[in-house]
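Chemist: Anchor point for the sequence shown: position 104 equals 995 in my numbering, and the numbering is continuous, going up by one each time.
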Amino acid sequence: MSEQKPGESTRMSDDEALEFAEQVFDLARQGNAELLDKLLEKGLNPDLRNHKGDTLLMLASYHGQQETVQVLLKHHADPEIRNDNGQSPIAGAAFKGDLEVVRLLVEGGASVEGASLDGRTALMMAAMFNRTAIVDYLIGQGADPRATDAKGVTPMAAALAMGAAETAEQLRQLVSA
């Protein structure tokens, strides 16, 4: 590394900045909450987005990094930012089946519906993949079991289409009650 001469800029090159950003996104994916917390305390934007529109919170949520999700929410990461595909962090956590991350997101201000741009809700994602505990939790928090996406599909219909018998029955009992 060469010495800096007076008057020279200490700014990162574009390549260095991109490499740093990728490392930060890896911290979220891999769950390095301690280092991410330090970077956020130094002014890192908690809503930093990658080339797919994924925020740090989206990546941490999708990869089940509970402690990292807590750190990001503590630093006011917005749980409502959708990625370029219109997906929310809560829908990603419901898809992956991580009830604790779903809870953390709701406690951190995420909409319990977590609907994507096409109207698919977190409840639909949980129902499709037979995530019975998440279905119970989301409904207990006010998720609408009768909601429909842009194609008119309900959580129960989504579960049936995916062969998720347990959540289909769970939702059938709720809707008919």
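Glycine is no exception: its CB is placed at the ideal position from the N, C-alpha and C atoms.
1. Can you list the alpha helix (DSSP H) stretches of 4 or more residues lying completely in the stretch 912-937, in chain order?
2. Can you list, in chain order, the residues of its chain whose CB lies under 6 Å from that of M892, leaving out five sequence neighbours each side?
3. Are Q961 and G922 touching if we call contact CB-CB under 7 Å?
4. Which runs of the alpha helix (DSSP H) fall wholly inside the stretch 961-1023 and span at least 4 residues, in chain order?
5. Would you mind stating whether G944 and D975 have Cβ atoms separated by less than 7 Å?
6. Can you tell me whether R1037 is buried or exposed? The criterion is at least 16 other CB atoms within 10 Å of its CB, across all chains shown.
7. Considering only C-alpha positions, which residue in the set E932, I981, L964 is nearest to Y953?
Modeler: According to the structure shown:
1. 924-932
2. Working through the sequence shown from its first residue, we reach residue 892 at position 1. The predicted model places M892 with a pLDDT of 46, which falls under 50 and marks its position as unreliable; any figure quoted below should be read in that light. Closer than 6 Å at Cβ, skipping near neighbours: no residue.
3. Against the sequence shown, residue 961 aligns to sequence position 70. Against the sequence shown, residue 922 aligns to sequence position 31. No; because the gap between Cβ atoms is not below 7 Å, this pair is not in contact.
4. 980-987, 990-998, 1013-1019
5. The sequence position of residue 944 within the sequence shown is 53, counting from 1. The sequence position of residue 975 within the sequence shown is 84, counting from 1. A contact, by the Cβ cut-off of 7 Å.
6. Here residue 1037 is taken as the residue at index 146 of the sequence shown, counted from 1. With fewer than 16 Cβ atoms within 10 Å of its Cβ, R1037 is classed as exposed.
7. Taking the first residue of the sequence shown as position 1, residue 953 is located at position 62. It is I981.
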